[in-house]
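Residues in the sequence shown are numbered from 289 upward in steps of one, following this note's numbering. Note that CB positions come from ideal geometry on N, CA and C, so glycine has one too. Here the structure is a predicted model, which means the values were calculated and not measured.
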Amino acid sequence: MEKYVRVPVIDVHKENLDEIWPLLLRAIYESRFVALDTELSGLGERKKLFAKSIEDRYKNLVEVAKSRSILALGISCFQESTDGMNSNPSEGNSSDKNYNIEYQVCTFNLSVLCSQEFVVEPASLQFLIQHGFDFNKQFSKGVLYHKGEDKEPCDYAIASVRNLFAHILACNKPVVFHNGLLDLVFLYQNLYSDLPDKLEVFTSDVHGMFTAGVFDTKYIAEFKQREPASYLSYIFRKCQRYNTKTQKHIKVAFPTETISSQWIEHLCCHEPPRQLDETSGVQICELYAAHGFCRRGADCHLSHDIDQILDKQDKMLSKKKRKNKKRKTDRDEDETPSKKQSHGNSPIEQKDININTSDNNAVAYDTPEISTLSNNNTAGGHRVGINDVNMNISDNDAVAHDTPQISRNNVTTGGHRAGIDAFMTGYCLATYILLHGKHDLSNSVHGYSNLSNSELVNKMSLSGKEVPLTLACSHFAKPSLLHINKMKNIKVKMCQIRSQNVDYNLEISKTKM
């Protein structure tokens, strides 16, 4: 039940993709679920992103996805471990306080590069640089891909980014995102096919692409957990606290593979420490606490520390519980005959204590690119191609911090990296499975089939809206012909690969970090 500080992430680029390819596929096909995250070159005008009409939002996202590109793809594969199952399966009840699930987790960060022209937005690039993104490596070693439809018949045995996405679709595993509509739109346009014009066709296509279901941890945090905030670093830290404080918990182990250690980065799950003005004490930045970003950024003298934010909320919640308990005690005493005779039947006035626990009171704009766009940012940006780029970004621009356990050379601190964000997203879903799934402890496979049929599946969070976007097919929203033909082709080709007895299993040594 440790509080994870560092997570091993396998760095994938064009120079090692062929060697890591079998490991990638094995991790995907043997997983219980796959967490995905993307880093993007921009998102256009913020105003259009949050248009009142969902159809207008989608139309804008289609335009943006066709002009911008994916810069990095994070994949974190969570496989349930039989070594970590509950030792008392006869209970058969997830309410057992000693119940726990252990996962073997393998996380990848793929540097990718679109072979066509695409728009980059300076604000987004600056934000990524501040969080350790290496554009020199991305443009020199990024795995090339093209957008839109397939240009030629695909050989899915070849290592490529588009083929990797096809394998994710073919593996029939649930996938999880955080604030996933943006990721889904970009993945569709960049790695699958041209986006349909209508939102209802898109939702129908996505429902058919991910047949085991799509989960959005932002939606679960808002509508099921009723968290006061729903940005990724907040809910991840809260899930960590739950798993470190209770006997009913999940455990995570990180396998070490027989690959070169130079391809493994240890990424930290927390933001870099910030120097605060001594006179400010530990005052919390309320804007950051609610939304996960602050317009003042590093110039803000208030605390952006998630642990301090959670500590303050815990204290306020404890104070509220004590006051409620006192009110109940006083009310019970007033309802006794002696009290009624001496003081009458006047009810005790109750005052609500607002600790901002309503998720509908605030819109959590926690997507990294969104949080960096200024109000006057336009959909323009700069258009670049792979032959036009000379970023000349010094490695010193990346943010890296030491941790006591390991050296500075292989540790990067902070969130908003595709690989580490994918891990954090999967970790949150694993915790929510523990909390809300129905578990059969006599079975080696826990609770996921039940959760896949729950109210949480195929619901995507919509910022500023009280209802989610549902991914579903209907008589009024039929899937596109392009999608139908492509999925048929993927299934046929994958069956041919399996018939050739392609084995992606590798020897693995399980080591807890």
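Exercise. Under the DSSP definition of a beta bridge, which residues are partnered with D504?
Worked result: In the sequence shown, residue 504 corresponds to position 216, counting from 1. Per DSSP, the beta-bridge partners of D504 are F465.
Exercise. Just checking my contact of C527 with T719 at CB under 8 Å: how many whole Å lie between their CB atoms?
Worked result: On the sequence shown, residue 527 is found 239 positions in, with the first residue counted as 1. On the sequence shown, residue 719 is found 431 positions in, with the first residue counted as 1. Contact flag correct, Cβ pair sits at about 4 Å.
Problem set entry | alpha helix (DSSP H) segment containing I572, residue limits | Mapped onto the sequence shown, residue 572 falls at position 284. Where I572 is concerned, there is no enclosing alpha helix (DSSP H), given that its DSSP letter is neither H nor E.
Problem set entry | Rounded C-alpha distance that separates L469 from G714 | For the purposes of this step, residue 469 is identified with residue 181 of the sequence shown, where counting begins at 1. For the purposes of this step, residue 714 is identified with residue 426 of the sequence shown, where counting begins at 1. So the alpha carbons of these two residues sit roughly 16 Å apart.
Exercise. Mind checking whether the beta-carbon of D599 lies closer than 7 Å to any heavy atom of the ligand FMN?
Worked result: The model on display carries no ligand, and the ligand FMN is accordingly not part of it.
Exercise. Around the Cβ of D422, are there at least 16 other Cβ atoms within 10 angstroms (buried) or fewer (exposed)?
Worked result: Along the sequence shown, one-based indexing puts residue 422 at 134. It is buried - the Cβ of D422 has at least 16 other Cβ atoms within 10 Å.
Problem set entry | Beta-bridge partners of R345, as assigned by DSSP | Residue numbering aside, residue 345 sits at position 57 when the sequence shown is read from its first letter. Paired residue(s): none; R345 is not in a bridge.
Exercise. Enumerated in chain order, which unbroken segments of the alpha helix (DSSP H) with a length of 4 residues or greater are wholly contained in the region 309–359?
Worked result: 334–337 and 342–355
For this session: Below 6 Å CB to CB, which residues in the same chain sit around V540 once its five sequence neighbours on both sides are set aside?
Result: Residue 540 sits at position 252 when you count from the first residue of the sequence shown. Short of 6 Å from the beta carbon of V540, and not among the five residues preceding or following it, lie these beta carbons of its own chain, in chain order: Y391 and V393.
Exercise. Do you know how far the Cα of Y433 is from the Cα of R786?
Worked result: To locate residue 786, count along the sequence shown from 1; it is residue 498. To locate residue 433, count along the sequence shown from 1; it is residue 145. Approximately 25 Å between the Cα atoms of the pair.
For this session: Evaluate N531 with the Cβ neighbour count: other Cβ atoms within 10 Å of its Cβ, from every protein chain shown; 16 or more gives buried, anything less gives exposed.
Result: Taking the first residue of the sequence shown as 1, we reach residue 531 at position 243. N531 comes out buried.
Exercise. Between the C-alpha atoms of L398 and V295, what's the straight-line distance to the nearest angstrom?
Worked result: Locating residue 398 in the sequence shown gives position 110, counting from the first residue. Locating residue 295 in the sequence shown gives position 7, counting from the first residue. Spanning the two alpha carbons is a distance of roughly 16 Å.
Problem set entry | Cα-Cα separation, L313 to M604 | The residue you call residue 313 lines up with position 25 of the sequence shown. The residue you call residue 604 lines up with position 316 of the sequence shown. Roughly 46 Å separates the two Cα atoms.
Exercise. Using the C-alpha atoms, what's the distance from L479 back to H301?
Worked result: As a first step, residue 301 is located in the sequence shown; it is residue number 13 there, counting from the start. As a first step, residue 479 is located in the sequence shown; it is residue number 191 there, counting from the start. In a straight line, the C-alpha of H301 is about 16 Å away from that of L479.
Exercise. Whole-angstrom Cβ separation of F490 and L744, contact assumed at under 8 Å?
Worked result: Locating residue 490 in the sequence shown gives position 202, where the first residue counts as 1. Locating residue 744 in the sequence shown gives position 456, where the first residue counts as 1. That pair is no contact at about 21 Å.
For this session: Measure the C-alpha to C-alpha separation of E515 and S412 and round it to an integer number of angstroms.
Result: For the purposes of this step, residue 515 is taken as the residue at position 227 of the sequence shown. For the purposes of this step, residue 412 is taken as the residue at position 124 of the sequence shown. Near 27 Å, if we compare the C-alpha coordinates of S412 and E515.
For this session: Spatial neighbours of S329 within its chain, please: CB distance less than 7 Å, with the 5 preceding and 5 following residues excluded, ordered by chain position.
Result: Walking along the sequence shown from the start, residue 329 turns up at place 41. Cβ within range, chain order: R356, S357, L359, F406, V407, V408, E409 and S412.
For this session: Measure the Cβ-Cβ separation of A339 and F366 and say whether it is below 8 Å.
Result: Counted from its first residue, the sequence shown places residue 339 at position 51. Counted from its first residue, the sequence shown places residue 366 at position 78. Not closer than 8 Å, so no.
Exercise. When the Cα atoms are used, what is the spatial distance from L361 to S768?
Worked result: Locating residue 361 in the sequence shown gives position 73, counting from the first residue. Locating residue 768 in the sequence shown gives position 480, counting from the first residue. Answer to the nearest angstrom: the Cα atoms are 26 Å apart.
Problem set entry | Between the CA atoms of K608 and R615 - distance to the nearest angstrom | Within the sequence shown, the letter at position 327 stands for residue 615. Within the sequence shown, the letter at position 320 stands for residue 608. Straight-line Cα distance between these residues: approximately 10 Å.
Problem set entry | As assigned by DSSP and simplified to three states, the class of E488 | For the purposes of this step, residue 488 is taken as the residue at position 200 of the sequence shown. Residue state, collapsed to three classes: helix.
Exercise. What separation, rounded to the nearest whole angstrom, lies between the Cα atoms of N773 and A447?
Worked result: Numbered from its first residue, the sequence shown carries residue 773 at position 485. Numbered from its first residue, the sequence shown carries residue 447 at position 159. Using only the alpha carbons, I get a separation of about 22 Å.
Problem set entry | Span of the alpha helix (DSSP H) around I721 | On the sequence shown, position 433 is the one that residue 721 refers to. Per DSSP, I721 belongs to the alpha helix (DSSP H) from A706 to H724.
Exercise. In this structure, does DSSP put I446 in helix, strand or coil?
Worked result: Indexing the sequence shown from 1 puts residue 446 at position 158. Here I446 sits in coil by DSSP.
Problem set entry | Residues that DSSP places opposite R610 in a beta bridge | Numbered from 1 along the sequence shown, position 322 holds the residue referred to as residue 610. R610 is not bridged to any residue.
For this session: Flag this pair as yes or no: are the beta carbons of F465 and P756 separated by less than 8 Å?
Result: Here the question's residue 465 lines up with position 177 in the sequence shown. Here the question's residue 756 lines up with position 468 in the sequence shown. In this structure, the beta-carbon distance from F465 to P756 does not fall below 8 Å.
For this session: Could you round the C-beta distance between P462 and A500 to whole angstroms and report it? I think they count as a contact, below 8 Å.
Result: For this step, residue 462 is matched to residue 174 along the sequence shown. For this step, residue 500 is matched to residue 212 along the sequence shown. The pair is a contact, with the Cβ atoms about 4 Å apart (cut-off 8 Å).
Exercise. If you compare alpha carbons, which of C783, L590, L475 and V449 is closest to T305?
Worked result: As a first step, residue 305 is located in the sequence shown; it is residue number 17 there, counting from the start. A quick correction: the sequence has Leu, not Thr, at residue 305. Considering only C783, L590, L475 and V449, the residue with the shortest C-alpha distance to L305 is V449.
Problem set entry | Residue range of the beta strand (DSSP E) that includes F406 | As a first step, residue 406 is located in the sequence shown; it is residue number 118 there, counting from the start. From DSSP, the beta strand (DSSP E) with F406 extends over F406 to V408.
For this session: Would you decide whether G707 is buried or exposed? Buried here means 16 or more other CB atoms lie within 10 Å of its CB.
Result: Residue 707 sits at position 419 when you count from the first residue of the sequence shown. G707 should be labelled buried.
Problem set entry | Close-in-space but distant-in-sequence residues of the same chain around Y815 (CB under 7 Å, 5 per side omitted) | Nothing about residue 815 can be reported from this structure: the residues present for the chain run from 289 to 801 only.
For this session: Identify the continuous alpha helix (DSSP H) that holds N397 and give its terminal residues.
Result: Locating residue 397 in the sequence shown gives position 109, counting from the first residue. Note, N397: premise wrong, no alpha helix (DSSP H); beta strand (DSSP E) at N388 to C402.
Exercise. Distance, Cα to Cα, T326 vs Y444?
Worked result: In the sequence shown, the residue the question calls residue 326 occupies position 38. In the sequence shown, the residue the question calls residue 444 occupies position 156. Cα to Cα, the separation comes out at about 22 Å.
Exercise. Just how far apart, CA to CA, sit D344 and L416?
Worked result: For the purposes of this step, residue 344 is taken as the residue at position 56 of the sequence shown. For the purposes of this step, residue 416 is taken as the residue at position 128 of the sequence shown. Near 28 Å, if we compare the C-alpha coordinates of L416 and D344.
Problem set entry | Residues sharing a beta bridge with G362, DSSP | On the sequence shown, position 74 is the one that residue 362 refers to. Paired residue(s): D325 and N397.
For this session: Taking all protein chains shown into account, decide if I298 is buried (16 or more other Cβ within 10 angstroms of its Cβ) or exposed.
Result: The count along the sequence shown starts at 1 and reaches residue 298 at position 10. With 16 or more Cβ atoms within 10 Å of its Cβ, I298 is classed as buried.
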